[in-house]
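J.: Please find one structure pasted underneath; my questions will follow.
Protein chains in written order, with this note's numbering: chain S, 23 to 455; chain C, 620 to 761.
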């Protein structure tokens, strides 16, 4: 089944024409309505008329997460606030959130993309889906929710947290599909096993995203639960989940490129790269009204394939991610930058900026431990004071990172120092095959 | 009138305590007595040593988290009820004893190191109740 055959199976020429027309409109829009882009284009000697088709996209300036931060919260919007109907936010590098905003049409385009992806996973309006992403500022919960409703699924807004209740409802309601992070699904699988209800479940499809996972992990989920598992990709800056998704052939994630034009560029030179070559993924939001972005650098490293897929879709496919070109970590679906830890620690009096983040996956859930060096000005002869200190550091980190953090106090100079560059992260999770 | 107590932060894993005693031994510093407060991940060692200032300096030079703080040391009779007399004194004066450990114990007498919630009040209360406080130099040279 294909949700929107006219778009998803369009010939490459037709698609290029449509993208070209949309790009021209987009460039004129941001030039006239977003000062940031007008200045950037003027500095490059570019005018909207210089963009004649999609092939001219390489003339346009790039956008980075820093640009969003510098224009916090609404500096990059192309419409007045009165036309915005929703705002989401994700954590930024320095504590300030990255804010994204949507008009009604943006929400409609988003739920169209998610519906396409759900159908790509074999889900129909006959399915009942539990959305077990966090609901709130995070795009995961509401993004999947609106897409599932758009498709016509019976949608259960579980959010995250009470896994036993989730499994009980899964059994009682006869839930057939679930959307959540892959690590959470593995945790759910364990709870299902503990509760001994596997044989009574009707679950057949999972649509997982918001964190990197391996093909091995996908197969493990499929085998453990006896279901089909699919990978959905998105980032809040571009829209949220639904930007790309893998079909039943699992040969890359189909990009909804009538809305989001994907380029792969060399991460150093920013030159365009050919199909199959690994580089940084860059998106241009062809249809967005609220927060249109030109050539947004995702920092995700991958390759692209424009050949038609066995499923019949002609939309290009990006391969599973090969890593990132910056130091961002995704822990339990939340973006975490080491610099956030540093900033939070420096705000606590007496705490040294020497720290080490250890990311691990215990019982299929991501964990973050932050080791902090304790110097003589900081420690106390009384254990209760030490415990207070640990709690204080842990609370400060938790409020900065929005995830639970285990703090471990270590002796001075025990954390490795390197010339010029200190090692701040040990990621023990296996994320790439 | 107060004793300088040496406190050192250390991780709760093999070799860490050995490292501390090694540094002190090499620098000819005697440990008169000690108390180790431990958690599963780290501990704080509290010591009365023969030369507190020097001990702190040599430990810091070796990269350890070490510093000094003030504690009381009180002489007591070696008989039933003498510790109880001390705790009653502190309770009456609304002073919390954060922790205590033995400075010295012999057949005829004993002495305790005391960390009070308020050292000045603790000192005054002990004096008023007639306790004999240990002179710092005497303690360092035990």
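Ideal Cβ positions, reconstructed from N, Cα and C, are used throughout, including at glycine.
Just checking, does the segment 680 to 688 of chain C make contact with the segment 620 to 630 of chain C on the three C-beta pairs under 8 Å criterion?
T.: Touching, yes.
J.: Cβ of residue 251 of chain S within 8 Å of Cβ of residue 240 of chain S?
T.: The residue you call residue 251 of chain S lines up with position 229 of the first chain. The residue you call residue 240 of chain S lines up with position 218 of the first chain. Closer than 8 Å, so yes.
J.: Out of curiosity, what's the CA-to-CA distance linking residue 348 of chain S and residue 85 of chain S?
T.: By 1-based counting over the first chain, the position of residue 348 of chain S is 326. By 1-based counting over the first chain, the position of residue 85 of chain S is 63. Near 15 Å, if we compare the C-alpha coordinates of residue 85 of chain S and residue 348 of chain S.
J.: Three-state secondary structure (DSSP) at residue 276 of chain S?
T.: The residue given as residue 276 of chain S occupies position 254 in the first chain. Correct three-state label for residue 276 of chain S: strand.
J.: In this structure, how does DSSP classify residue 152 of chain S when only helix, strand and coil are distinguished?
T.: Translated into the one-based positions of the first chain, residue 152 of chain S becomes position 130. Correct three-state label for residue 152 of chain S: strand.
J.: Helix, strand or coil for residue 694 of chain C per DSSP?
T.: Numbered from its first residue, the second chain carries residue 694 of chain C at position 75. The answer is strand: DSSP assigns residue 694 of chain C an E or B state.
J.: Note down the Cα distance separating residue 406 of chain S from residue 413 of chain S, rounded to an integer number of angstroms.
T.: Your numbering for residue 406 of chain S matches position 384 in the first chain. Your numbering for residue 413 of chain S matches position 391 in the first chain. If I take the Cα positions, the gap works out to 11 Å.
J.: Using DSSP's beta-bridge definition, name the partner residues of residue 263 of chain S.
T.: On the first chain, position 241 is the one that residue 263 of chain S refers to. Residue 263 of chain S is bridged to S/256.
J.: Determine which residues share a DSSP beta bridge with residue 307 of chain S and list them.
T.: Residue 307 of chain S sits at position 285 when you count from the first residue of the first chain. Paired residues: S/282.
J.: So is residue 694 of chain C in contact with chain S if we call contact Cβ pairs under 8 Å?
T.: Your numbering for residue 694 of chain C matches position 75 in the second chain. No, its Cβ sits nowhere closer than 8 Å to a Cβ of chain S.
J.: Closer than 8 Å, CB to CB, is residue 430 of chain S near chain C or not?
T.: Reading the first chain from its first residue, position 408 is the one you call residue 430 of chain S. Closer than 8 Å: yes.
J.: Is the Cβ of residue 684 of chain C closer than 8 Å to any Cβ of chain S?
T.: Numbered from its first residue, the second chain carries residue 684 of chain C at position 65. True, the Cβ-Cβ gap to chain S drops below 8 Å.
J.: Note down, in chain order, each residue of its chain lying with its Cβ closer than 6 Å to the Cβ of residue 441 of chain S, except the 5 sequence neighbours on either side.
T.: On the first chain, residue 441 of chain S is found 419 positions in, with the first residue counted as 1. For residue 441 of chain S, the pLDDT reaches just 45, beneath the cut-off of 50, and the residue's location in the model is therefore unreliable, although a value from the coordinates is still provided. Closer than 6 Å at Cβ, skipping near neighbours: no residue.
J.: Whole angstroms are fine: how far does the CA of residue 450 of chain S sit from the CA of residue 242 of chain S?
T.: Locating residue 242 of chain S in the first chain gives position 220, where the first residue counts as 1. Locating residue 450 of chain S in the first chain gives position 428, where the first residue counts as 1. Spanning the two alpha carbons is a distance of roughly 19 Å.
J.: Can you find a C-beta in chain S that's less than 8 Å from the C-beta of residue 626 of chain C?
T.: Here the question's residue 626 of chain C lines up with position 7 in the second chain. Yes, its Cβ sits closer than 8 Å to a Cβ of chain S.
J.: Would you give the residue range spanned by the alpha helix (DSSP H) that residue 105 of chain S belongs to?
T.: Translated into the one-based positions of the first chain, residue 105 of chain S becomes position 83. Here residue 105 of chain S belongs to no alpha helix (DSSP H), and DSSP marks it neither H nor E.
J.: Is residue 638 of chain C helix, strand or coil by DSSP?
T.: Position 19 of the second chain, counting from 1, holds the residue named residue 638 of chain C. Helix at residue 638 of chain C.
J.: Assign residue 401 of chain S to one of three DSSP states: helix, strand, or coil.
T.: Taking the first chain and counting its residues from 1, the one referred to as residue 401 of chain S is at position 379. Coil at residue 401 of chain S, not helix or strand.
J.: Can you name the start and end residues of the alpha helix (DSSP H) that residue 734 of chain C belongs to?
T.: Translated into the one-based positions of the second chain, residue 734 of chain C becomes position 115. Looking at the DSSP string, residue 734 of chain C is not in any alpha helix (DSSP H); the run it does join, the beta strand (DSSP E), is 728 to 735.
J.: For residue 47 of chain S, name the three-state secondary structure that DSSP assigns.
T.: Taking the first residue of the first chain as 1, we reach residue 47 of chain S at position 25. If DSSP states are grouped into helix, strand and coil, residue 47 of chain S belongs with the helices.
J.: Looking only at its own chain, which residues have a Cβ that is under 8 Å from the Cβ of residue 336 of chain S, when we skip the five neighbours before and after it?
T.: One-based indexing of the first chain puts residue 336 of chain S at position 314. Closer than 8 Å at Cβ, skipping near neighbours: 30, 31, 32, 33, 34, 37, 330.
J.: Counting contacts by CB-CB distance shorter than 8 Å, is residue 396 of chain S in contact with chain C?
T.: One-based indexing of the first chain puts residue 396 of chain S at position 374. It does; some Cβ of chain C falls within 8 Å.
J.: Give the straight-line distance between the Cα atoms of residue 378 of chain S and residue 437 of chain S, rounded to the nearest whole angstrom.
T.: Locating residue 378 of chain S in the first chain gives position 356, where the first residue counts as 1. Locating residue 437 of chain S in the first chain gives position 415, where the first residue counts as 1. If I take the Cα positions, the gap works out to 7 Å.
J.: What residue range is occupied by the uninterrupted beta strand (DSSP E) comprising residue 759 of chain C?
T.: One-based indexing of the second chain puts residue 759 of chain C at position 140. Here residue 759 of chain C belongs to no beta strand (DSSP E); instead the alpha helix (DSSP H) covers 755 to 759.
J.: Is residue 628 of chain C helix, strand or coil by DSSP?
T.: Taking the second chain and counting its residues from 1, the one referred to as residue 628 of chain C is at position 9. Three-state result, residue 628 of chain C: strand.
J.: Shorter than 8 Å from the beta carbon of residue 629 of chain C to some beta carbon of chain S?
T.: Locating residue 629 of chain C in the second chain gives position 10, counting from the first residue. It does; some Cβ of chain S falls within 8 Å.
J.: Would you mind reading off the limits of the alpha helix (DSSP H) that contains residue 458 of chain S?
T.: The displayed coordinates of chain S run from 23 to 455. Any statement about residue 458 of chain S would go beyond what the structure contains.
J.: Can you name, in chain order, every residue of its own chain whose Cβ lies under 6 Å from the Cβ of residue 654 of chain C, other than the five neighbours on each side?
T.: Within the second chain, the letter at position 35 stands for residue 654 of chain C. Within the same chain, residue 654 of chain C has close Cβ partners 665, 720.
J.: Does DSSP put residue 688 of chain C in a helix, in a strand, or in coil?
T.: If you number the second chain from 1, residue 688 of chain C lands on position 69. If DSSP states are grouped into helix, strand and coil, residue 688 of chain C belongs with the strands.
J.: Drop a sphere of 10 angstroms on the beta-carbon of residue 20 of chain S, count the other beta-carbons inside from all chains shown, and report buried for 16 or more, exposed for fewer.
T.: Since the first residue of chain S shown is 23 and the last is 455, residue 20 of chain S is not available in this structure.
J.: Who are the neighbours of residue 391 of chain S on chain C, taking C-beta pairs under 9 Å?
T.: As a working note, residue 391 of chain S is residue 369 in the first chain. None at all; the shortest Cβ gap to chain C is about 11 Å.
J.: Using a C-beta cutoff of 8 Å, does residue 434 of chain S count as contacting chain C?
T.: What you label residue 434 of chain S is simply residue 412 of the first chain in a count that begins at 1. Yes, residue 434 of chain S counts as interfacial toward chain C.
J.: Short of 7 Å Cβ to Cβ, which residues in the segment 365 to 388 of chain S face chain C?
T.: Listed by position along the chain: nothing, the set is empty.
J.: Residue 663 of chain C versus chain S: which residues are under 9 Å apart at the beta carbon?
T.: On the second chain, position 44 is the one that residue 663 of chain C refers to. Ordered by position in chain S, the residues that pass the 9 Å Cβ test against residue 663 of chain C are 401, 402, 403, 404, 405, 408.
J.: Per the contact definition of three or more C-beta pairs closer than 8 Å, is the segment 310 to 318 of chain S in contact with the segment 359 to 372 of chain S?
T.: No, the segment 359 to 372 of chain S is not in contact with the segment 310 to 318 of chain S.
J.: The beta strand (DSSP E) spanning residue 231 of chain S covers which residue range?
T.: Mapped onto the first chain, residue 231 of chain S falls at position 209. From DSSP, the beta strand (DSSP E) with residue 231 of chain S extends over 227 to 231.
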